[in-house]
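Encoded as structure tokens, the structure appears first; notes follow it.
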Amino acid sequence: MNGNHLGKELIAVAQGNRKALKNIYLEESDSLYSFALQVLGKDELAQEAVINAFTAIWNNANFYNEKLNARGWIYTIFRYGLNQIARTHIESLHPSPTVVHNIQREMSQFNSDGSFYRVFEELPLHTQTSFLTLYFSPHHIKDVANALSMGEEELRNSIKMGVKHLSAHIHDFNNTHPLNNKIGELILGTLSEGEEQELNKKIAIDPEADQFTYQWENLFLEFLKQISTKKTPRNLWLKIQKSLIKNEKADPDAIKELDENLELNDSNTKTKGSFGSKLLFILKKCWISRNFWRLASLLLLALCIWVIISNPFATPAKMISVLNQTNSSQVAYLVKINKTIEVIPSVNQHIDSKSDLKLWHTNKAGLISGVGLLSPNSTSKIKNDFDISVGDTLFITLEPKSAVKSVAQSISSSQSAQISAPPGPTLFSGKVIKW
Numbered sequence: 044m045n046g047n048h049l050g051k052e053l054i055a056v057a058q059g060n061r062k063a064l065k066n067i068y069l070e071e072s073d074s075l076y077s078f079a080l081q082v083l084g085k086d087e088l089a090q091e092a093v094i095n096a097f098t099a100i101w102n103n104a105n106f107y108n109e110k111l112n113a114r115g116w117i118y119t120i121f122r123y124g125l126n127q128i129a130r131t132h133i134e135s136l137h138p139s140p141t142v143v144h145n146i147q148r149e150m151s152q153f154n155s156d157g158s159f160y161r162v163f164e165e166l167p168l169h170t171q172t173s174f175l176t177l178y179f180s181p182h183h184i185k186d187v188a189n190a191l192s193m194g195e196e197e198l199r200n201s202i203k204m205g206v207k208h209l210s211a212h213i214h215d216f217n218n219t220h221p222l223n224n225k226i227g228e229l230i231l232g233t234l235s236e237g238e239e240q241e242l243n244k245k246i247a248i249d250p251e252a253d254q255f256t257y258q259w260e261n262l263f264l265e266f267l268k269q270i271s272t273k274k275t276p277r278n279l280w281l282k283i284q285k286s287l288i289k290n291e292k293a294d295p296d297a298i299k300e301l302d303e304n305l306e307l308n309d310s311n312t313k314t315k316g317s318f319g320s321k322l323l324f325i326l327k328k329c330w331i332s333r334n335f336w337r338l339a340s341l342l343l344l345a346l347c348i349w350v351i352i353s354n355p356f357a358t359p360a361k362m363i364s365v366l367n368q369t370n371s372s373q374v375a376y377l378v379k380i381n382k383t384i385e386v387i388p389s390v391n392q393h394i395d396s397k398s399d400l401k402l403w404h405t406n407k408a409g410l411i412s413g414v415g416l417l418s419p420n421s422t423s424k425i426k427n428d429f430d431i432s433v434g435d436t437l438f439i440t441l442e443p444k445s446a447v448k449s450v451a452q453s454i455s456s457s458q459s460a461q462i463s464a465p466p467g468p469t470l471f472s473g474k475v476i477k478w
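Put into structure tokens, the structure is as follows:
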């Protein structure tokens with residue numbers, strides 16, 4: 044991820060975009076973790092440093108602006124927290140500074156003029172070692188000087204000379220600003236407490252000087268090539284999420300879910316990666332996840348709605364008939380035929396109180412049978428006790444009010460006797476077809 048893209052991610056983080064923070068984590072977490080492990084020497088403390096860094100990035104991203112070096116800004120925050128942890132645990136860390144030598148030496152021939160290592164390797168070897176040891180050491184400059192078999196003042200002067208050389212010869216680096224070199228020394232920690240306080244006051248009122256802080260920080264990240272990169276523990280992002288949620292005072296269920304995920308990941312790391320254990324891990328992961336149950340609930344709701352609307356368990360029609368007026372193509376009724384005869388109106392019918400609608404069946408021999416009375420404007424269901432075949436005709440007539448007390452009673456009545464013609468006029472008719 045280049046600096047511009049990293050800057051865009053930081054701006055997105057400032058707007059509350061947690062996915063952007065995850066993108067930064069995926070890009071930089073291995074380097075941050077390896078850096079912290081090199082300085083602190085303990086996995087637990089290294090993880091704490093990375094967690095604190097991403098929590099601070101999330102809380103302070105609104106102070107970032109696109110004029111600043113994005114990677115330098117991130118590592119400035121990280122190294123500040125790293126130094127805080129180192130000071131707290133200094134007694135339990137390495138008893139003395141670890142001397143770091145330039146393992147990239149003799150590779151400068153492959154670098155272009157003005158590149159960092161090409162310029163860096165123009166410095167004396169002891170100065171190169173001084174830079175690297177200071178950069179990765181949590182110890183006081185006096186202890187670093189002792190480890191390098193140098194006097195404290197000699198070490199300060201060596202760094203001062205080296206910083207001046209780097210700022211003068213590295214491409215695209217502004218060495219005209221009066222505070223530039225001092226800022227380089229500040230990053231490496233060789234200034235006295237008084238000098239550091241005075242310089243920080245000047246930086247606070249000088250926006251250009253503030254930019255140099257992040258440029259130097261980004262420049263010294265070249266030293267990360269001196270250490271082997273370690274992969275972050277698989278559950279580290281979950282720990283970062285937990286830290287963010289706790290700071291936001293989120294609901295206890297969210298924290299509980301993260302705790303269960305952390306416990307599950309820890310136990311899974313200790314077991315062998317067989318297919319069965321992986322499957323069990325996935326099932327447990329789903330069981331813990333609130334998002335999984337939310338999605339499952341939505342899918343179940345969608346299934347219920349589909350079942351209600353489509354009624355897939357209903358017995359499908361074997362035959363249908365579309366009934367319309369003899370002088371019009373407008374569909375008036377749809378008749379579905381199986382174990383029941385279902386008559387579905389398509390248009391509103393205005394029937395006076397003295398009349399009824401009745402469904403009739405005519406077979407291929409021309410014999411007419413009454414099927415039953417219909418409700419004009421709602422679906423009618425009649426038990427199919429009739430020998431209805433493809434090619435037969437169904438029709439609806441308007442009849443004088445029957446003696447039957449209700450439509451429901453007539454619908455459940457037995458088959459009418461066959462007659463030569465219905466008494467009332469035919470309103471709608473249609474052929475029976477296979478469905």
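Under our numbering, the first residue of the sequence shown carries the number 44, and numbering increases by one thereafter. Beta carbons: idealized from backbone N, C-alpha and C, even for Gly.
When the Cα atoms are used, Phe266 and Tyr76 turn out to be separated by approximately 14 Å. Non-local C-beta neighbours of Glu238 in its own chain, meaning closer than 7 Å and more than five positions away in sequence, are absent. By alpha-carbon distance to Trp478, the top candidate from Phe429, Ile146, Phe471 and Gly434 is Gly434. The three-state secondary structure of Trp478, taken from DSSP, is coil.
When Cβ pairs closer than 8 Å are counted between the two stretches, the region 375 to 384 is seen to touch the region 359 to 366, the count reaching three or more. Three or more Cβ pairs closer than 8 Å define a contact, and the region 94 to 102 meets that threshold against the region 119 to 133.
Residue ranges of uninterrupted alpha helix (DSSP H) with 4 or more members, entirely inside the region 240 to 277 and ordered along the chain, are 250 to 263. With fewer than 16 other Cβ atoms from the protein chains shown falling within 10 Å of its own Cβ, Gly409 counts as exposed.
Scanning the region 181 to 233 for uninterrupted alpha helix (DSSP H) segments of 4 residues or longer gives 184 to 190, 195 to 212 and 223 to 231, listed from N- to C-terminal end.
Nearest to Trp259 by alpha-carbon distance, out of Leu287, Ile213, His182 and Lys274, is Ile213.
Around the beta carbon of Phe106, fewer than 16 other beta carbons sit within 10 angstroms, so the residue counts as exposed.
Sequence-distant Cβ neighbours of Lys203 in its own chain, meaning closer than 7 Å and more than five residues away, are Glu228. Secondary-structure assignment with DSSP links Thr440 through a beta bridge to Lys401 and Thr469.
For Asp215, the number of other beta carbons within 10 angstroms of its own is below 16, and it is reported as exposed. Taking C-beta atoms as the reference points, Leu64 and Val56 count as a pair closer than 8 Å. Ile184 is positioned such that its CB atom lies no closer than 8 Å to that of Glu196.
Residue pairing from DSSP places Gly413 in a beta bridge opposite Trp403.
Three or more Cβ pairs closer than 8 Å define a contact, and the region 172 to 192 meets that threshold against the region 132 to 140. DSSP places Ser423 in the uninterrupted beta strand (DSSP E) bounded by Ser423 to Lys426. Rounded to whole angstroms, the separation of the alpha carbons of Tyr257 and Arg114 is 8 Å. In this structure, Lys426 lies away from Glu385, with their beta-carbon atoms at least 8 Å apart.
In the structure shown, the three-state DSSP call for Tyr376 is strand. Of Ile394, Leu242 and Ser210, the smallest CA-CA separation from Val162 is found for Ser210.
Rounded to whole angstroms, Lys274 and Ala190 show a C-alpha spacing of 29 Å. Following the DSSP letters along the chain, one finds Val386 inside the beta strand (DSSP E) bounded by residues Thr383 to Pro388. When DSSP states are grouped into helix, strand and coil, Ser155 belongs to the coil group. Non-local C-beta neighbours of Ala89 in its own chain, meaning closer than 7 Å and more than five positions away in sequence, comprise Tyr76, Ala79, Leu80 and Leu83, ordered along the chain. For Glu71, the closest of Leu470, Leu281 and Thr272 by C-alpha to C-alpha distance is Thr272. Excluding sequence positions up to five before and after Thr233, its CB lies within less than 8 Å of the CB of Leu177, Ile184, Leu198, Arg199, Ile202 and Lys203, all in the same chain and listed in chain order. From the listed residues Leu441, Leu69, Asn112 and Asn406, the smallest Cα separation to Leu264 is found for Asn112. Per DSSP, the unbroken alpha helix (DSSP H) holding Ser77 starts and ends at Arg61 to Leu83. Counting only the Cα atoms, Ile348 lies some 40 Å from Glu442. By the neighbour-count definition (other C-beta atoms within 10 Å, threshold 16), Asn370 is an exposed residue. Approximately 7 Å separates the beta-carbon atoms of His208 and Glu165; this is inside 8 Å, confirming the contact. The C-alpha of Lys268 lies about 10 Å from the C-alpha of Asn145. The Cβ neighbour count for Gln254, taken over all protein chains shown within 10 Å, is at least 16; the residue is labelled buried.
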